[in-house]
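A quick write-up on the structure given underneath.
Residue numbers (our numbering), protein chains in the order written: chain A, 1 to 412; chain B, 413 to 824.
Below you can see the structure in the form of structure tokens.
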């Protein structure tokens with residue numbers, strides 16, 4: 001127990017750049033949606049690396065790629081990885097870094113310490129971003145936890161109106177076999193990921209151990225009033241959904257701000273109908289994304305948002321309705337795992353924070369069937385989901401060293 | 413002087429329904445943008461009616477249709493009409509009613525009183541709504557007042573990116589000849605129009621004499637902050653243009669409301685970039701339409717809006733810029749003409765209000781070369797720019813009777 005692990009920076013850098021070639025765009029960007037040609041090439045590359053490292057390679061029924069290093073003793077697997085798909089465009093690090101990191105860590109442990117007692121597995125999930133199928137909703141990890149329901153692949157549609165089932169068939173996967181991706185033998189899932197926010201950069205630390213993933217909900221709201229001429233209709237007689245939207249958007253953003261970190265609320269999407277300068281619109285549609293990792297505070301945040309929306313609509317004589325299309329409970333990391341990885345950082349003199357994740361991750365799905373923990377690597381300017389996302393090689397190597405040392409503690 | 417004029421309701425109704433067939437949509441709607449096939453058919457119909465009424469028909473260089481009844485004595489023309497194009501979709505009355513009304517009134521006067529002393533002209537302007545070319549900005553009446561500059565038609569672009577010049581050529585008009593549409597011999601322009609607001613309905617009157625057209629301005633605003641992940645970026649570090657937009661939209665609407673009638677401000681158009689639920693947008697673009705008929709109050713309204721926009725952007729660390737794409741000074745009706753048409757209503761026992769127009773109209777362009785006045789007809793629920801706009805036949809006939817009696821006073 002208690003080893004320090006060296007990681008070869010040049011290997012890590014080469015793998016990041018090689019994987020980023022599949023779907024490369026805008027100099028430093030990646031455009032690699034699930035089941036696209038770029039995605040096929042990237043998973044082939046990942047499988048080849050796993051095989052080169054001496055791991056048993058398996059592609060499951062949804063196209064997740066697993067690299068297995070069998071342990072000498074019984075017990076559930078200890079798995080590390082992340083997703084291999086990207087935003088449109090995303091960068092080189094979101095998802096890819098955790099897939100590479102899990103493999104590099106296990107490869108380093110295998111070379112230096114030989115076969116582990118407990119089985120270790122590196123993993124590249126097929127899909128997490130929802131960038132091709134907006135309702136895929138952690139497709140890769142949900143297949144592993146058996147959360148994909150029969151028929152989902154036939155009804156789920158992409159931005160181009162294709163079905164998930166057709167997209168699977170196009171890359172040689174049979175949607176009828178999705179249940180075969182289910183696993184019951186995983187003990188631990190550890191996901192390395194870029195932070196995607198500015199907290200580590202502000203704190204001056206390269207790495208974080210993540211003790212919770214925030215709970216999040218997406219409200220898709222429709223606010224309807226009365227369409228009128230912008231000049232001829234007195235202000236006092238209007239039922240203007242844009243005025244109601246302004247009050248609601250400002251209000252929910254202010255509510256999260258006043259609640260303080262780590263509460264966050266975002267109004268990211270808005271459309272008016274009609275959408276002309278000289279017409280008071282009939283309808284304004286918008287989204288409210290609200291997140292908090294603490295179950296009680298989360299409930300309070302949502303209740304305040306809903307009360308505000310109802311009150312503004314009622315007071316302004318507007319009709320309001322909403323659908324909740326995404327709703328994830330907070331996911332707490334396993335406390336023992338948090339301590340394991342905190343120790344792994346501390347003994348290697350790697351400065352770290354312990355913090356919650358404000359973004360959703362595959363780990364919260366995996367928590368249904370395994371103990372989970374995450375590691376974050378500092379993001380430059382807190383950027384992600386853009387070609388400009390960047391983490392330094394030093395920080396990345398620090399993160400993989402924490403990952404590898406913690407995996408050693410668990411598996412050897 | 414001082415006649416009362418009868419108008420045949422069935423003729424008026426038939427003409428409204430017949431003209432509405434060109435571009436008919438959504439049961440009671442009209443979709444008739446300038447220089448479209450529907451527009452060509454409507455102008456052909458209008459020209460045929462003018463000819464049937466014994467008027468000399470002329471189509472000018474931009475496609476305005478004139479029906480002339482030459483007077484027996486010299487003097488500038490007395491013209492009545494409105495525009496023949498529509499919103500997308502609009503209704504059967506906005507613009508069409510004034511084109512028909514001018515013709516029906518002159519036709520009735522010709523039949524009953526014979527040739528006038530002063531020349532009377534019925535008119536259908538080609539374009540007023542900006543529904544195909546957002547910067548056309550009273551294309552028809554500006555051609556008549558020589559306010560269209562050389563080259564405008566080549567640079568002006570429509571929503572489909574076509575140029576105005578190409579659109580003109582497609583219906584057989586030569587953009588080089590636009591100056592020939594200019595007129596220097598118009599003494600009076602009278603425009604009958606639906607109110608497009610609820611003021612007459614609230615007051616229980618069928619007709620208004622309009623003593624001013626409001627001043628209006630369109631700001632096209634771009635508010636730019638920093639694009640971030642909706643979960644991972646703390647509220648206190650965001651530079652969120654949606655939060656700034658919410659504050660500005662709510663603020664400008666409230667400013668006009670507090671200033672009181674007839675101040676109006678509308679935020680009718682908004683778009684976010686990117687426009688995804690889980691991304692804090694980089695940029696929000698929106699319009700502010702602000703109007704007041706009093707020159708001093710108008711200046712105050714604009715100054716308050718601009719101060720608010722600058723203050724919100726500066727306080728939130730956002731970049732703001734705007735273009736003013738529409739800017740019309742208030743337009744006062746000729747006081748003698750206001751009295752003429754008030755008298756015409758009074759002596760026919762037609763209840764009326766004298767009020768300002770909150771909407772812009774061709775009359776404000778025509779005021780550059782002629783004395784102008786407008787008449788309003790009550791709108792059901794104050795609706796316009798929608799298939800549901802409606803004015804009753806009784807109210808319409810009342811409006812045309814006021815128009816015809818006033819034209820008689822001026823021309824016979």
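Note that beta-carbon positions come from the ideal geometry of N, C-alpha and C, so glycine has one too. Quantities reported herein were computed from a predicted structural model and do not represent experimental measurements.
Requested in this report: Measure the alpha-carbon distance for residue 671 (chain B) versus residue 557 (chain B) and round it to whole angstroms.
Outcome: 34 Å
Requested in this report: Kindly list the residues whose CB is nearer than 6 Å to the CB of residue 684 (chain B), restricted to its own chain and excluding five residues on each side of it in sequence; keep chain order.
Outcome: 693 and 696
Query raised in the report: Which residues bound the beta strand (DSSP E) around residue 141 (chain A)?
Result: It is not in any beta strand (DSSP E) - residue 141 (chain A) instead sits in the alpha helix (DSSP H) that spans 139 to 144.
Query - C-alpha gap between residue 493 (chain B) and residue 511 (chain B), whole angstroms - result: 4 Å
**Report entry** 8 Å Cβ cut-off: residues of chain A touching residue 730 (chain B)
**Finding:** Those do not exist, as residue 730 (chain B) stays about 13 Å from chain A at its closest Cβ, beyond 8 Å.
Query raised in the report: Excluding sequence positions up to five away, which residues of its chain have a Cβ less than 6 Å from the Cβ of residue 505 (chain B)?
Result: Around residue 505 (chain B): 606, 801 and 803.
Report task. Report all residues from its chain with a CB closer than 6 Å to the CB of residue 743 (chain B); omit the five preceding and five following residues, and keep chain order. Result -> 625, 776 and 779
**Report entry** Min CB distance residue 537 (chain B) to chain A below 9 Å
**Finding:** The beta carbon of residue 537 (chain B) does not come within 9 Å of any beta carbon belonging to chain A, so the residue lies off that interface.
Requested in this report: Can you pull the chain A residues whose beta carbon is under 7 Å from the beta carbon of residue 688 (chain B), in chain order?
Outcome: 268 and 269
Query raised in the report: Using a Cβ-Cβ distance under 9 Å, would residue 696 (chain B) count as near chain A?
Result: yes
Query raised in the report: Can you round the beta-carbon distance between residue 132 (chain A) and residue 33 (chain A) to whole angstroms, since I take them to be within the 8 Å contact cut?
Result: 4 Å
Query raised in the report: From residue 381 (chain A) to residue 639 (chain B), what distance separates their C-alpha atoms?
Result: 11 Å
Query raised in the report: If you follow the alpha helix (DSSP H) that residue 461 (chain B) is part of, which residue opens it and which one closes it?
Result: 449 to 464 is the span of the alpha helix (DSSP H), which, as asked, contains residue 461 (chain B).
Query raised in the report: How close, in whole Å, do the beta carbons of residue 130 (chain A) and residue 30 (chain A) come, if the pair is a contact with beta carbons under 8 Å?
Result: Between residue 130 (chain A) and residue 30 (chain A), the beta carbon gap of about 16 Å keeps them out of contact (Cβ cut-off 8 Å).
Query raised in the report: Rounded to whole angstroms, how far is the Cβ of residue 68 (chain A) from the Cβ of residue 58 (chain A), which I believe are closer than 8 Å?
Result: 7 Å
Query raised in the report: For residue 384 (chain A), which residues in chain B fall below 8 Å Cβ to Cβ?
Result: 641 and 644
**Report entry** residue 370 (chain A) - DSSP class collapsed to helix/strand/coil
**Finding:** coil
Query - Distance, residue 762 (chain B) Cα to residue 751 (chain B) Cα - result: Approximately 15 Å, taken between the alpha carbons.
Requested in this report: To the nearest angstrom, report how far apart residue 139 (chain A) and residue 155 (chain A) are at their CA atoms.
Outcome: Going from the Cα of residue 139 (chain A) to the Cα of residue 155 (chain A) covers about 14 Å.
Query raised in the report: Where DSSP assigns a beta bridge to residue 685 (chain B), which residues make up the other side?
Result: B:695
Requested in this report: State yes or no: is the beta carbon of residue 358 (chain A) nearer than 9 Å to at least one beta carbon in chain B?
Outcome: Chain B, which has a Cβ nearer than 9 Å to the Cβ of residue 358 (chain A), makes this yes.
Query raised in the report: Can you name, in chain order, every residue of its own chain whose Cβ lies under 6 Å from the Cβ of residue 15 (chain A), other than the five neighbours on each side?
Result: Correct list, in chain order: 100.
Query - Option nearest residue 372 (chain A) by Cα separation, candidates A:205, A:166 and A:211 - result: A:211
Query raised in the report: With 16 as the cutoff for other CB atoms within 10 Å, does residue 179 (chain A) come out buried or exposed?
Result: exposed
Query raised in the report: Per DSSP, what kind of secondary structure is residue 125 (chain A) in: helix, strand or coil?
Result: Strand, per DSSP.
Requested in this report: Per DSSP, which residues does residue 767 (chain B) bridge with? Please list them.
Outcome: DSSP output for residue 767 (chain B) lists B:622 as bridge partner(s).
Query raised in the report: If you check the beta carbons only, do residue 235 (chain A) and residue 660 (chain B) fall under 9 Å apart?
Result: no
Report task. Output yes if chain A places a C-beta closer than 9 Å to the C-beta of residue 486 (chain B); else output no. Result -> Residue 486 (chain B) does not count as touching chain A.
Requested in this report: Assign residue 10 (chain A) to one of three DSSP states: helix, strand, or coil.
Outcome: helix
Query raised in the report: How would you write the range of the alpha helix (DSSP H) that residue 656 (chain B) sits in, first residue to last?
Result: Residue 656 (chain B) -> alpha helix (DSSP H) spans 653 to 671.
Query raised in the report: Excluding sequence positions up to five away, which residues of its chain have a Cβ less than 7 Å from the Cβ of residue 243 (chain A)?
Result: 316
Query raised in the report: Using the beta-carbon count (16 or more within 10 Å), is residue 111 (chain A) buried or exposed?
Result: Classification for residue 111 (chain A): exposed.
Requested in this report: Report yes or no: do three or more beta-carbon pairs, one from the stretch 392 to 402 of chain A and one from the stretch 2 to 18 of chain A, lie closer than 8 Å?
Outcome: yes
Requested in this report: Report the partner residues of residue 337 (chain A) according to the DSSP bridge assignment.
Outcome: The partner list for residue 337 (chain A) (beta bridge, DSSP) is empty, contrary to what the question assumes.
Query - Contact set between residue 805 (chain B) and chain A, taken where Cβ atoms lie within less than 7 Å - result: Near residue 805 (chain B) there are no residues of chain A at all, since even the closest Cβ is about 21 Å away, more than 7 Å.
Query - Close-in-space but distant-in-sequence residues of the same chain around residue 746 (chain B) (CB under 7 Å, 5 per side omitted) - result: 783, 784 and 785
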